[in-house]
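Below you'll find the structure, written out as structure tokens, and then a few comments.
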Amino acid sequence: MPDQEKKILVIGAGAAGLIAAWKAASLGAAVLLLERNSKPAIKILISGGGKCNVTHDGPMDEMGKAFLKREERFLKHAFHSFTNHDIRSMLSESGVPTFVRPDGRVFPVSLKAGDVVGALVDSLRKNGGEIRLNTRVTGILVSGGRAGGVTVEGGEIASGHIILTTGGASYRKTGTTGDGISWGAGLSLTIVPVRPALAPIRVDPPLPADWRGIAIRGGRLSLYSGHRRVDSCPGDILFTHEGISGPAALGLSRSAAVALEKGEVALRLDFFPGVEFTDLDAELNRLIAAGRGKQIGSIVCGMLPDRIVPYLLGKIQVPLITRGYVLTREARRRIVGLLKSWEIGGVGGIDIDRGEVTAGGISLDEIVPQTMESRNVRGLYAAGEVLDIAGPIGGYNLQAAFSTGYVAGTSAARNWLESYGSNPPVRNQR
Ligand SMILES: Cc1cc2nc3c(=O)[nH]c(=O)nc-3n(C[C@H](O)[C@H](O)[C@H](O)COP(=O)(O)OP(=O)(O)OC[C@H]3O[C@@H](n4cnc5c(N)ncnc54)[C@H](O)[C@@H]3O)c2cc1C
């Protein structure tokens with residue numbers, strides 16, 4: 033039996049897989065990390081626009097609150113087992129110090145995602161873990177409710193300890209084609225249907241093409257089904273060639289995808305979420321008076337990006353050239369109504385492949401949060417985005433992958449060491 037047959041197998045060298053493999057190796061287990069691509073962690077390399085927003089600062093309980101309730105509960109143990117401080121220390125000890133931006137996001141000082149990947153790979157190798165690139169796993173072998181190994185193109189690798197870290201089902205070109213989720217379904221694990229999250233939203237009917245690149249700062253985007261507000265998210269939005277992106281749109285995309293399955297949904301934008309209708313009305317009135325006969329178009333251009341104003345005022349039948357002093361009270365209130373709740377349009381669709389994360393995946397009910405082991409298949413662990421976890425932007429998703437990977441690596445190593453006692457079949461090549 034070749035040595036590799038007794039190693040812990042980790043499938044997928046992304047954020048969760050690299051940490052799981054490093055942790056298991058550091059505890060003395062023999063580890064083989066299998067990656068389909070010719071280089072590890074392509075998603076980390078493109079994260080944060082190539083700068084890698086590696087985690088978020090603050091207490092871990094606060095971090096948990098950024099996730100849906102069920103995700104928060106599930107992540108609690110992992111978040112306290114391997115914290116944002118832990119990943120920052122680990123990187124710093126590998127020569128990659130990090131810093132905190134005023135908004136709490138943590139980046140490497142070098143602003144190079146490649147340095148983060150380099151540090152994770154070095155840590156793994158220093159502890160004797162092995163990475164095998166260009167190796168696509170094609171399935172998981174299970175017999176009698178226990179993990180037995182994996183199939184790869186051209187063969188099988190036996191192991192009773194398998195950590196599944198194949199990621200989600202978006203940005204498929206980076207290698208994440210949802211393989212782990214399909215295997216989970218094949219093993220009769222409960223799978224929560226995959227949906228886009230942190231993805232741009234197509235708007236129907238389309239917005240004017242020349243709006244592309246315009247940003248609205250500090251608004252609040254809401255999602256409506258009929259008159260019912262389904263969800264809302266504060267933050268900037270950015271107009272794209274197909275619709276909207278930016279933090280508020282990305283943040284709303286998961287609930288937009290769910291709502292869209294049930295029927296039509298509309299997007300509304302409050303340009304001034306911190307200002308009440310009556311105060312905004314009073315402010316507009318003051319601007320009109322101070323403008324001494326200025327056209328209403330140029331007054332509103334002082335409040336919004338110029339290029340969108342003709343379209344918006346056209347929507348509420350207020351001619352741009354109307355002099356402020358002839359504007360009726362009713363027309364002024366229509367403008368304020370638009371500023372507080374502009375109906376951008378319907379949600380035309382959300383492309384799962386363009387989501388920074390995938391919502392859905394292996395159900396959290398299938399996994400023991402203290403070990404990341406499957407409740408139904410002994411010796412099978414799962415961590416990272418292959419699970420039904422999708423946090424907001426800001427470093428939360430990488431931290432979730434690191435923390436769950438750490439727990440999976442720890443418990444797989446303990447079980448591996450227990451199975452072999454003081455006589456392990458293979459040792460790390462330190
Ligand atoms: C454009 C973009 C920007 C992002 N920016 C940030 C950010 O700044 N901060 C943040 O916190 N999050 C960010 N994210 C999200 C974050 O990158 C992911 O949530 C995180 O990488 C998930 O980690 P993971 O280990 O679970 O999966 P991944 O990192 O996706 O790793 C999965 C690995 O498994 C491999 N694999 C898949 N199938 C197989 C197979 N059959 N055999 C062998 N290997 C396989 C893949 O090739 C891949 O290397 C971003 C995502 C994207 C797409």
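If you want the working numbering, it's the 1-based position in the sequence shown plus 32.
Just so it is clear, CB atoms sit at the ideal spot from N, CA and C, and this is done for glycine as well.
Because the structure is a prediction, the values reported are computed rather than measured.
(request) Look up H112 in the DSSP assignment and say whether it is helix, strand or coil. (result) Assigned with DSSP and collapsed to three states, H112 falls in helix.
(request) Alpha carbon to alpha carbon, how far is A110 from P279? Give it in angstroms, no decimals. (result) 26 Å
(message) Is Q431 a contact residue of ligand 1, with contact defined as CB to any heavy atom under 8 Å?
(response) yes
(request) Pick helix, strand or coil for E450, following the three-state DSSP scheme. (result) helix
(message) Between N408 and ligand 1, is there a pair consisting of the residue's CB and a ligand heavy atom that are separated by less than 8 Å?
(response) Incorrect: N408 has no Cβ contact closer than 8 Å to ligand 1.
(message) Please tell me whether A48 and T436 are closer than 9 Å, where the distance is taken between their beta carbons.
(response) yes
(request) Check F303 in the structure and name its three-state DSSP category. (result) coil
(request) Would you decide whether K75 is buried or exposed? Buried here means 16 or more other CB atoms lie within 10 Å of its CB. (result) buried
(message) Report the CB separation of I248 from L319 in whole angstroms; it is logged as a contact under 8 Å.
(response) For I248 against L319, the beta-carbon gap comes to about 19 Å, at or over 8 Å, which does not count as contact.
(request) Report the rounded CA-to-CA distance for V138 versus Q327, giving the unit in angstroms. (result) 46 Å
(message) Check for me: the beta strand (DSSP E) holding E162 runs from which residue to which?
(response) E162 to R164
(request) Measure the beta-carbon distance from K55 to T442 and round it to whole angstroms, keeping in mind my assumption that it falls under 8 Å. (result) 6 Å
(request) Give the DSSP-derived three-state secondary structure of M33 in the structure shown. (result) Any reading at M33 is ruled out, since the residue's pLDDT is 41, under 50, leaving its predicted position unreliable.
(message) According to DSSP, is I353 part of a helix, a strand, or is it coil?
(response) coil
(request) Give the secondary structure of P342 by DSSP, where H, G and I count as helix, E and B as strand, and everything else as coil. (result) DSSP places P342 in helix when its eight states are reduced to three.
(message) Using 8 Å as the cut-off, can you tell me whether the segment 417-433 makes contact with the segment 224-242, which would need three or more C-beta pairs spanning the two stretches below that distance?
(response) yes
(message) I want to know whether the segment 69-84 touches the segment 399-411 - three or more CB-CB distances under 8 Å.
(response) no
(message) Assuming R365 is part of the alpha helix (DSSP H), what are its boundary residues?
(response) From DSSP, the alpha helix (DSSP H) with R365 extends over R361 to K372.
(message) Taking 8 Å as the cut-off, is the C-beta of E417 nearer than that to any heavy atom in ligand 1?
(response) yes
(message) Within 8 Å, do at least three Cβ pairs link the segment 273-290 to the segment 244-261?
(response) yes
(request) Please work out which residues of its chain come closer than 6 Å, Cβ to Cβ, to R157, disregarding the five sequence neighbours upstream and downstream, and give them in chain order. (result) Excluding positions up to five away in sequence, the list is empty.
(message) Is C265 a contact residue of ligand 1, with contact defined as CB to any heavy atom under 8 Å?
(response) Using a cutoff of 8 Å, the CB of C265 does not count as near ligand 1, since none of the ligand's heavy atoms is closer than that.
(request) Below 8 Å on the Cβ atoms is my guess for L412 versus A217; work out the distance and round it to an integer in Å. (result) Contact doesn't hold; Cβ gap of about 14 Å is too wide.
(request) Using three-state DSSP, classify E188 as helix, strand or coil. (result) E188 carries a strand assignment under DSSP once its states are collapsed to helix, strand and coil.
(request) Give the single residue among N447, L449, A440 and S451 whose Cα lies nearest to the Cα of L107. (result) A440
(request) Identify which residue in F114, T272 and I367 has its Cα closest to the Cα of M92. (result) F114
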